[in-house]
Structure formats: C-alpha cells, structure tokens
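Trainee: Here my numbering is used: the first residue of the sequence shown is -4, the next is one more, and so on.
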Amino acid sequence: MGILIAAAGGAAFLAWAVRGKSSAVFASSVWRGPAERREVALTFDDGPSHATPQILEVLAAHGAKATFFFCGTNVRRLPEAARQAAAAGHEVGNHSDTHPLLCFRSARFMEDEIRRAQEAIQEHTGQTPRWFRAPYGVRWFGLRGVQERLGLTGVMWTVIGRDWKLPAEAIARRVTRQARPGAIVCLHDGRELSGAPAAANTVQALGLILPPLAAQGYRFVTLSQMFRS
C-alpha cells in the first residue's frame, strides 16, 4: 500500500511539474504580473491564422495591446498576418515551430523547434521574441537550458479562456470573472490551421471581454509592458 501511495504521489508531482502554472521544475516561467497595477496581459496562442486580422481589429477598436505566441510554421504560411500584428504595436512571442508536445523530447529537439520559430518570427516581423510559451503549457527536462541559450523567459497563464471548446459568452464570463490585476489571459487565434474549430468564438468573446474590464479600470498591455522594470 505504501508503495502505491508513493507512486501516486510521484505521478501527481510530475503532472504538476510538467504543466502546473507556478511550477519552475523544468523551466523558469511567469504566470502573473505585478498586482499593484491594474493591468491585464491578453495572450493569443497558435497563430497567425486567418482570424488574426479580426482579433487585431477588435483590439484596435478598444485601444488594447496584446502578446501573440506565434508558431513558426504558421508565420511562414501567413507572414502578412504576423507582420500586421507586429506593425500594430503588439508583441510577438515564441510558441515553437510546429506545436509539438515537448514531453519525452530531447533538449536538441526542443532547441531546434524553438530556434526555427525564433528565426521565422525575426524574419517576418522584425521582432526578436523574449517570451516562450510551451505548446499545451507542457515543459520537460532540458527546457530550462534551451530557454537560457535562446534568451527566452517562459510564460504560463493566470486565466485560460478554454476558447477551443466554449461558446463566446462562456469564454467571456470565465475571463471577466477570473481577471485580477496582473492577470495573464491565455486565448487562441490559430486553430483552423491545425484542423481544430475556427476562432470565431474567440473573436466574438474578445468583444465581450474588453468593455467590462476597461470599465473596471483595467489597461490591456503586452507582456514586456507588464514586466517593465
């Protein structure tokens, strides 16, 4: 019985170490910003996609800035959307090249994935990412050294919108109820390129998220703005 309990405890710890938002076991990362400023960092994973320009329009209409965690493969597919995000004053982060699960992968594999995305983003947007979000939020052995070699800081999230499965109203309700000063919000804009549902719900939800939070005095900033010294 003792062995089973120990094994269950070890498995639970490993699961937290791999994907726990506050875990620094495999790589250092941030998951929330300073609580003394009434700021929220909106982040969008997996793009760019054909929904990215629509998201940019909604952000512009509300004077909001965000951070886009782009995949290198998608940047090469839709370079104009990537350039448009950067030109609008948004920050671009690294979300790997092909969005693989990093669990059980070698450090060499991870570095190749992240470096290829870094190069694609630099080439097409002119930005050198300083932030990295692991696909699915899953970290693994060796990632810490890769991030350090590439000059990247890991990013998790405070609030995740679950916008790959929820309708717009539920996404907005989830985000607005959980938002706090310094919150990092994770949404998605690139899903149709991987065969998953399109991001129409995310676009609609964004229009429901921004007004009430702005009315509460929140500013919408990039990660670099949130973590300014």
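By construction, the Cβ of each residue, glycine as well, lies at the ideal position given by its N, Cα and C atoms. On a predicted model such as this, the values are computed, not experimentally measured, just so you know.
(1) Taking all protein chains shown into account, decide if Thr47 is buried (16 or more other Cβ within 10 angstroms of its Cβ) or exposed.
(2) Going by beta-carbon coordinates alone, are Pro176 and Arg33 separated by less than 7 Å?
(3) List the whole-angstrom C-beta distance separating Val150 from Val35, where the pair is believed to meet the contact cut-off of C-beta under 8 Å.
(4) Under 8 Å by Cβ, that's how I've got Gly185 and Asp41 pegged, so tell me the actual separation to the nearest angstrom.
(5) Starting from Phe63, trace the beta strand (DSSP E) in both directions and tell me its first and last residue.
(6) Using the rule of at least 16 other Cβ atoms within 10 Å of the residue's Cβ for burial, across every protein chain shown, is Glu108 buried or exposed?
(7) Contact between the segment 60 to 77 and the segment 114 to 127: three or more CB pairs below 8 Å?
(8) Going by C-alpha to C-alpha distance, which of Gly28, His183 and Val133 sits closest to Ala224?
(9) Would DSSP call Asp184 helix, strand or coil?
(10) Helix, strand or coil for Asp40, going by three-state DSSP, please let me know.
(11) Which term fits Ala6, buried or exposed, when burial requires 16 or more other beta carbons within 10 angstroms of its beta carbon?
(12) What is the rounded straight-line gap between the Cα of Leu218 and the Cα of Thr62?
(13) Over what stretch of residues does the alpha helix (DSSP H) that includes Glu143 continue unbroken?
(14) Note down, in chain order, each residue of its chain lying with its Cβ closer than 7 Å to the Cβ of Gln113, except the 5 sequence neighbours on either side.
(15) Just mark Ile0 as buried or exposed, buried being the case when its beta carbon has 16 or more other beta carbons within 10 Å.
(16) Of the choices Ser101, Asp92, Leu97 and Val53, whose alpha-carbon is the least far from that of Ala80?
(17) Considering Glu86, what are the terminal residues of the beta strand (DSSP E) in which it resides?
(18) Around the Cβ of Phe215, are there at least 16 other Cβ atoms within 10 angstroms (buried) or fewer (exposed)?
Mentor: Working from what's here:
(1) buried
(2) yes
(3) Not a contact, Cβ separation roughly 14 Å.
(4) 3 Å
(5) Ala61 to Phe65
(6) buried
(7) yes
(8) In the sequence as displayed, the identity of residue 224 is Ser instead of Ala. When each option's Cα is compared against that of Ser224, the closest is Gly28.
(9) coil
(10) strand
(11) exposed
(12) 6 Å
(13) Leu138 to Leu145
(14) Asn89, Pro124 and Leu145
(15) Only weak support exists for where Ile0 lies, its pLDDT of 48 falling under 50; the value from the coordinates is given anyway. So Ile0 counts as exposed.
(16) Val53
(17) Glu86 to Asn89
(18) buried
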